[in-house]
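The structure appears right after this line, and notes come after that.
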Amino acid sequence: MKKSLSLLLIGLLILGLVAVSGCTDKAATAGTDETESQMPVYVVGTEPYFPPFQYADENNNNEIIGFDIDLINAIAADQGFQVTWKDLGFDALIPALQSGQIDIIASGMTITEAREESVDFTNPYINAGLALAVAANNNQIQSIDDIQGKVAVVQQGSTGAAKADELKSEGVITDIIYLPHVSDIVMSIQNGRGDFMINDLPVTNAFISHNPGVIKIVDDKIQSESYGFAVRNGNTELLNMLNEGLANVQADGTYDQIMDKYF
Ligand code: ARG
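Each step along the sequence shown adds one to the number in the numbering used here, with nothing skipped, and position 114 is 99.
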């Protein structure tokens, strides 16, 4: 009886030690978490229907992936901050930045003078111009000279939309259809609601290579543009981090790896 009691005590002692060492392990992990949790977390807004810059990974729970995502993640790792992603309409991004709902825009956004008035852009991170595309079976529009009296389809709030507005106010085209996503634009070209689309060349190219025979490009440079990440006006601290991180990942080869992955 006495013997079994002491065995029980030894057993309890061992259990106690295991529990204590378990706690120590936990404490160590908590330490790592703490360093991570001390990192600033920035909310990045994006309209994730714009491959290859930002889009849902169908093979992985529709997680957002893409060139901009990898680039921001690389910059964040370089500069010691963390990010969370927020899915917004493209035309909702600048208002969301201004109201403080998000801290960074990473959404294939072109640096324009008009936008510079409401946000601050980083240095350009890629060049991407606007292209004009039509349905694959459209033989009427063979260049930008053939769009007189036609209907444009564009993504609302985009530079493609601004270009279409310009063409309409010059009296070149008669109407414009504004839609939320590039996939909607393509569909309305396909079903004949609109005659042509104006959209970013790399995105239109990516669509064509994944869906051959639907649309074709008739002019691949109606405007040249560069993308930048945007922060709130006057948020110099974050702007400097993004620019510094961008320069570092461009210098150490990470940028080129991301380029090779998506293009
Ligand atoms: N580059 C164009 C612009 O700034 C279109 C960008 C659209 N981006 C997106 N994620 N839908 O207006």
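The beta carbon of each residue, even a glycine, is placed where N, CA and C say it ideally should be. On a predicted model such as this, the values are computed, not experimentally measured, just so you know.
- The continuous alpha helix (DSSP H) containing D169 extends over residues 167 to 175.
- Put simply, of G156, K201, S209 the residue whose alpha carbon is nearest the alpha carbon of G145 is S209.
- With fewer than 16 other CB atoms across the displayed protein chains lying within 10 angstroms of its CB, T221 is exposed.
- Membership of N184 in the beta strand (DSSP E) is indicated by the continuous run 181 to 185.
- In this structure V26 is exposed. Its beta-carbon is surrounded by fewer than 16 other beta-carbon atoms within 10 angstroms.
- For the 7 Å CB-CB criterion, A149 and I162 do not form a contact.
- DSSP places D237 in the coil class of the three-state scheme, outside both helix and strand.
- V203 sits close to L117, with the two beta carbons spaced by under 7 Å.
- Only buried fits Q140, as 16 or more other CB atoms lie within 10 angstroms of its CB.
- The alpha-carbon of A120 is positioned some 44 Å away from that of Q64.
- No Cβ-Cβ contact shorter than 7 Å links G93 with K206.
- Shown here, V203 sits in a strand according to DSSP, grouped into three states.
- In this chain, the beta strand (DSSP E) harbouring Q67 covers 67 to 72.
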